[in-house]
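Chains as they are written, first to last, in the UniProt record's numbering: chain D, 1 to 218; chain H, 1 to 262; chain C, 1 to 468.
Below: one structure, written as structure tokens.
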Amino acid sequence: MNAPANASGNARDAILKSVRDALRRDPLDATQVAALDARVPRHTRPAHDEDLVTRFMRKFESRAGTVERVASRDALPAAVEAYRLAHRLPQRAAVGAALKDLAWPEGWLIHHEAAGITEALAVSPALCGIAETGSLMLASGPDSPTTHNFVPDDHVVVLEATRIVDHFEDAWDLLRARPQGMPRATNIISGPSRTADVEQTIQLGAHGPRRVHVILVG
Amino acid sequence: MTPSPTAGPRVGLFATCLMNLFRPNVGFSAVKLLEDAGCSVEVPASQTCCGQPGYNSGDYDAARALARQVIEAFEHFDYVVGPSGSCMATIRHDYPALFAGDAQWLPRAEALSRKSFELLSFLADVRGAAVTVDARYAGTATYHDSCSGLRGLGIKGQPRALLGEVDGLKVKEMEDSEVCCGFGGTFCVKYPEISEKMVDDKVRNILATGADTLLGGDLGCLMNIAGRLKRINAPVKVYHAAEVLAGFADGPGLADAPKESR
Amino acid sequence: MEIRSNEFKERSVFAIHDANLQTALGRARYGFVGKRALQVAELPEFEQLREEAKNLKNHVLDHLDHYLERYEQAVTAAGGRVHWARDAAEAREIILGICKRVGARTVTKGKSMVSEEIDLNDALIEHGMEVVETDLGEYIIQLAHEPPSHIIAPAVHKTKDQVSDLFEAAHGGPRKTQIPELVDEARRVLRDKYFRADVGITGGNFLVAETGSSIIVTNEGNGDLTQTLAKVHIVTSGIERVVPTLDDATLFLRLLARSATGQETETYTTISTGPRRADDLDGPEEYHVVLVDNGRSKMLAGRFRDMLRCIRCGACMNHCPVYGAVGGHAYGWVYPGPMGSVLTPLIKGLDAAYDLPNACTLNGRCQSVCPVKIPLPELLRELRHLQHQQNITPVMQKRALGVWRWVATRPKLYHALEQIAARALSGIARRGRIRRLPFAGGWTDSRDLPAPTGRTFLELWQGKRGQQ
Numbered sequence: 001m002n003a004p005a006n007a008s009g010n011a012r013d014a015i016l017k018s019v020r021d022a023l024r025r026d027p028l029d030a031t032q033v034a035a036l037d038a039r040v041p042r043h044t045r046p047a048h049d050e051d052l053v054t055r056f057m058r059k060f061e062s063r064a065g066t067v068e069r070v071a072s073r074d075a076l077p078a079a080v081e082a083y084r085l086a087h088r089l090p091q092r093a094a095v096g097a098a099l100k101d102l103a104w105p106e107g108w109l110i111h112h113e114a115a116g117i118t119e120a121l122a123v124s125p126a127l128c129g130i131a132e133t134g135s136l137m138l139a140s141g142p143d144s145p146t147t148h149n150f151v152p153d154d155h156v157v158v159l160e161a162t163r164i165v166d167h168f169e170d171a172w173d174l175l176r177a178r179p180q181g182m183p184r185a186t187n188i189i190s191g192p193s194r195t196a197d198v199e200q201t202i203q204l205g206a207h208g209p210r211r212v213h214v215i216l217v218g
Numbered sequence: 001m002t003p004s005p006t007a008g009p010r011v012g013l014f015a016t017c018l019m020n021l022f023r024p025n026v027g028f029s030a031v032k033l034l035e036d037a038g039c040s041v042e043v044p045a046s047q048t049c050c051g052q053p054g055y056n057s058g059d060y061d062a063a064r065a066l067a068r069q070v071i072e073a074f075e076h077f078d079y080v081v082g083p084s085g086s087c088m089a090t091i092r093h094d095y096p097a098l099f100a101g102d103a104q105w106l107p108r109a110e111a112l113s114r115k116s117f118e119l120l121s122f123l124a125d126v127r128g129a130a131v132t133v134d135a136r137y138a139g140t141a142t143y144h145d146s147c148s149g150l151r152g153l154g155i156k157g158q159p160r161a162l163l164g165e166v167d168g169l170k171v172k173e174m175e176d177s178e179v180c181c182g183f184g185g186t187f188c189v190k191y192p193e194i195s196e197k198m199v200d201d202k203v204r205n206i207l208a209t210g211a212d213t214l215l216g217g218d219l220g221c222l223m224n225i226a227g228r229l230k231r232i233n234a235p236v237k238v239y240h241a242a243e244v245l246a247g248f249a250d251g252p253g254l255a256d257a258p259k260e261s262r
Numbered sequence: 001m002e003i004r005s006n007e008f009k010e011r012s013v014f015a016i017h018d019a020n021l022q023t024a025l026g027r028a029r030y031g032f033v034g035k036r037a038l039q040v041a042e043l044p045e046f047e048q049l050r051e052e053a054k055n056l057k058n059h060v061l062d063h064l065d066h067y068l069e070r071y072e073q074a075v076t077a078a079g080g081r082v083h084w085a086r087d088a089a090e091a092r093e094i095i096l097g098i099c100k101r102v103g104a105r106t107v108t109k110g111k112s113m114v115s116e117e118i119d120l121n122d123a124l125i126e127h128g129m130e131v132v133e134t135d136l137g138e139y140i141i142q143l144a145h146e147p148p149s150h151i152i153a154p155a156v157h158k159t160k161d162q163v164s165d166l167f168e169a170a171h172g173g174p175r176k177t178q179i180p181e182l183v184d185e186a187r188r189v190l191r192d193k194y195f196r197a198d199v200g201i202t203g204g205n206f207l208v209a210e211t212g213s214s215i216i217v218t219n220e221g222n223g224d225l226t227q228t229l230a231k232v233h234i235v236t237s238g239i240e241r242v243v244p245t246l247d248d249a250t251l252f253l254r255l256l257a258r259s260a261t262g263q264e265t266e267t268y269t270t271i272s273t274g275p276r277r278a279d280d281l282d283g284p285e286e287y288h289v290v291l292v293d294n295g296r297s298k299m300l301a302g303r304f305r306d307m308l309r310c311i312r313c314g315a316c317m318n319h320c321p322v323y324g325a326v327g328g329h330a331y332g333w334v335y336p337g338p339m340g341s342v343l344t345p346l347i348k349g350l351d352a353a354y355d356l357p358n359a360c361t362l363n364g365r366c367q368s369v370c371p372v373k374i375p376l377p378e379l380l381r382e383l384r385h386l387q388h389q390q391n392i393t394p395v396m397q398k399r400a401l402g403v404w405r406w407v408a409t410r411p412k413l414y415h416a417l418e419q420i421a422a423r424a425l426s427g428i429a430r431r432g433r434i435r436r437l438p439f440a441g442g443w444t445d446s447r448d449l450p451a452p453t454g455r456t457f458l459e460l461w462q463g464k465r466g467q468q
């Protein structure tokens, strides 16, 4: 990191000075800073009276995502196998290491590394679901590499029904509660990749997955 | 400021430049509507323009000079009312802004601002109880929401409610009635090609309703749209809504041939 | 890009007569406007959120130095690095420096308006790097060697056939004619670039002081592939994009997609915090943020501070009838439409974009949809005022205003002249209208002028009241 630290340092001071000049004041004093640091944001959250699971499913499906429900974690491999067969995918998947312990079918080639350019299917664990918009939240880490979320055509996401929270703010609280702190990448995913850049026509599978399938556990 | 019901409020009529020059019938319609609503109407001779052309051109000094003239001419009335959302929004919103920090003129500008109203909203919102519409108009009209009135003064339902009481008149809404017609004061002559494109869009929406009449509350927009309608020989009559409400829409519409020359 | 805003008049006339452009604009206008209206109707809290968002932005701007410092601390704590750039040249230097240090050959880019503002691509290309825009719209206009014409839909002015032509020329045949085929072709071509990229550059919709994160929202996932697969991730962002906490960012997220594309949420909201961790299996090894001032701190000082609330949603241009008539390129620089008509003169100079604040009817539709309630018409008028004060306004217009003022402050003279005009115009009218009028071609070239009836209202009124 031998970028021009000096120049940048000067620029930093100059910009902060210019900001303070514009605000016609000196740097804030300790009391003011403490008050700002103690500030607790309270913004309006959209109200709704739906059950969280129902809302999550309705919203996620409204954007061309698909959802199926299974009773327990043990049922996951069979559900993924059914999905694979339905979409005629090879017996190969990039699986988040958090799902390593499951009894994956015989003959499957499963790995837990980052996704390569030819990866067709990934199976990822979600940190939580957000009912407000019907979105998934995935946290990057050794258990869930970010490439799994974007490289394959098919992305299957495992979500525990008890991990569906109401609003974004509730999801942030889960992030804050992590002992390892913020993940490098927090991906909030609300359906398959899409574009409308040619003639405003919505086309799925622009750069990321063409299909995102949620398996809701419990 | 609430006037006694017997005397009725004294209203100074703001005679807008375009009305004064191009369409006196709108002025007389306004007077009739205001008098029918129990007001006594006066038209100060010391008025000219509200100053908006100067304000919108960035010449704030000129706008202030005109604003002072308007304030002096109208501040002794109970209300100042004009048949234009555009001019009245200038008096209501822009005058206080123009005199911000001016200890002498700001209070006077604010006082006038509070009692300034566009005609149709004044009739509906302020004189509602005293207003009975007694007019006939045989036809189907569509209504253009002029931007200053709509967004500056919240005028949307009032003209429609009043027009709903006109015998024989049917109102059919057009697509994008809230989109600018391309007039914009000096905009239409500074950027005539853009203005033409905008008024063409407006005209297409008007024609799509099949209405035989276009109504609105601002002569600037109406002259622009009427001018384009006539240029393409579209058989749509154009009136200020006040003319219809007052029962004075029996003469030629804007840019229509006078009856005797037919 | 070189600013061409002073060619606005010529370029707007050209745009109005470009049939392809008009088709594309018509489609876009109704799509965005209709979808936004549906979303707003479904969220009863929308107006309340707008008010809160305005207030929150104002709070941030009042304490911008504090939140920038807090943000820098948090980025550093997460293992990233913040660079500060006073202007476009400094920003280019910083990014070039990073790219050269890591020996970058291929640079992928997610959509970043700041990178357009600082002319980044040309600088990288001049130094021998391959620069690949990965947002489909940006990719299309990169192939066309054009600047974006819209801040969230950069290729909104292109028709499908034009995209087919561009792809055929760039990728070879056979020519694709259907939208799914075109999107697939771009997907295939760009896939390779992501995996080869040395540096990935994205914008930053929000910078979160609490966590040192940058947030981007996209629908395509290109921004994520760009920043995940490159060895180095560089975020370019204006200094005004910082927000205190994740909860504060949420307020804007609720407004952004609804206002921009008329979606409840975009497909991807990505929060990036520092480089790859020791046990991560993917992600960039370095994470840099380039904070760009480029005139923003000056804007903070005065009347134009409100403009710094802008979250770049594009709703103002989607709802602007002038933008709808001429498209984005007529504006001649990076930011088009109402927000661009304010920003361009402020960043590039009042005299570099005379027409932009003037080519507006002040109809107020932009302000009525702005998610952070920027009083755009007032700011445009204020720019006209500055032009007037600084003698940038054309001399003839100033003189005409002077004469108007002189006459209009003399009521008797004014009324006498109106009476003369009423008679003269009515005299030359035929069948109630005037088809051609000397010196008024601006009006009569495309419209008839409704004829006065011969007497002014005041004249008639005084006559009438005199009789009573």
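Glycine is no exception: its CB is placed at the ideal position from the N, C-alpha and C atoms.
Partner residues on chain D for residue i, Cβ-Cβ distance less than 8 Å
i      : result
C/I140 : D197 and V198
Three-way DSSP call (helix, strand, coil) for residue i in this model
i      : result
D/G141 : strand
C/I392 : coil
C/K109 : strand
C/G97  : helix
H/V189 : helix
C/N219 : coil
C/F439 : coil
C/I3   : coil
H/S261 : Summary for H/S261: the model assigns pLDDT 46, below 50, so the residue's position carries little reliability; its value from the coordinates is reported in the next sentence. Reduced to three states, the DSSP call for H/S261 is helix.
Contact list for residue i against chain H, beta-carbon separation under 8 Å
i      : result
C/Q39  : Here the premise fails: no neighbours, minimum Cβ distance about 18 Å.
C/P321 : V179, C180, G182, M198 and D201
Residue i vs residue j beta-carbon contact at 8 Å
i      : j      : result
C/G110 : C/T134 : yes
H/P83  : H/G185 : no
C/T270 : C/Y194 : no
H/K172 : H/A111 : no
C/L246 : D/T44  : no
H/W105 : H/R68  : yes
C/V334 : C/E181 : no
Under 8 Å by beta carbon: chain C residues contacting residue i
i      : result
D/L16  : D65, L68 and E69
H/M19  : F457
D/G191 : T267
Residue of the options minimising C-alpha distance to residue i
i      : options                          : result
H/Y143 : H/A73, H/A30, H/K170 and H/A135  : H/K170
C/H233 : C/G283, C/A278 and C/C370        : C/G283
D/T147 : C/A88, C/G402, C/G442 and C/R276 : C/R276
C/T236 : C/N55, C/R365, C/E69 and C/T202  : C/T202
H/Y55  : H/L98, H/A73, H/K32 and H/M19    : H/L98
Partners in chain C for residue i, counting only beta-carbon separations shorter than 7 Å
i      : result
D/S135 : T265
D/L216 : Residues of chain C passing the Cβ test: none, with the nearest at roughly 19 Å.
D/G19  : Strictly speaking, residue 19 of chain D in this sequence is Val, with Gly absent from that position. Those within 7 Å of D/V19 in chain C are L64, D65, S297 and L300.
H/E193 : S12, V13 and I16
Amino acids of chain H, ordered along the chain, whose beta-carbon sits closer than 9 Å to that of residue i
i      : result
C/V408 : The displayed chain sequence assigns Ala, not Val, to residue 408 of chain C. By Cβ distance, chain H contributes C17, T48, C49, G51, P53, G54, A62, A65, L66 and Q69.
C/T393 : S57, G58 and D59
Contacts of residue i in chain D (Cβ-Cβ under 7 Å)
i     : result
C/A48 : A quick correction: the sequence has Gln, not Ala, at residue 48 of chain C. Within chain D, the residues near C/Q48 are T44.
Proximal residues of chain H, C-beta to C-beta of residue i below 7 Å
i      : result
C/L362 : N56 and G184
Are there three or more Cβ pairs, one per stretch, closer than 8 Å when the region 129-146 of chain D is compared with the region 155-175 of chain D?
-> yes
Determine, using beta-carbon pairs with one atom in the region 134-153 of chain C and one in the region 173-193 of chain D, whether at least three such pairs fall under 8 Å.
-> no
Do the region 426-442 of chain C and the region 252-261 of chain H touch if we need at least three Cβ pairs shorter than 8 Å?
-> yes
Mind the definition here: the region 191-209 of chain H touches the region 319-329 of chain C only if three or more C-beta pairs lie below 8 Å; say whether that holds.
-> yes
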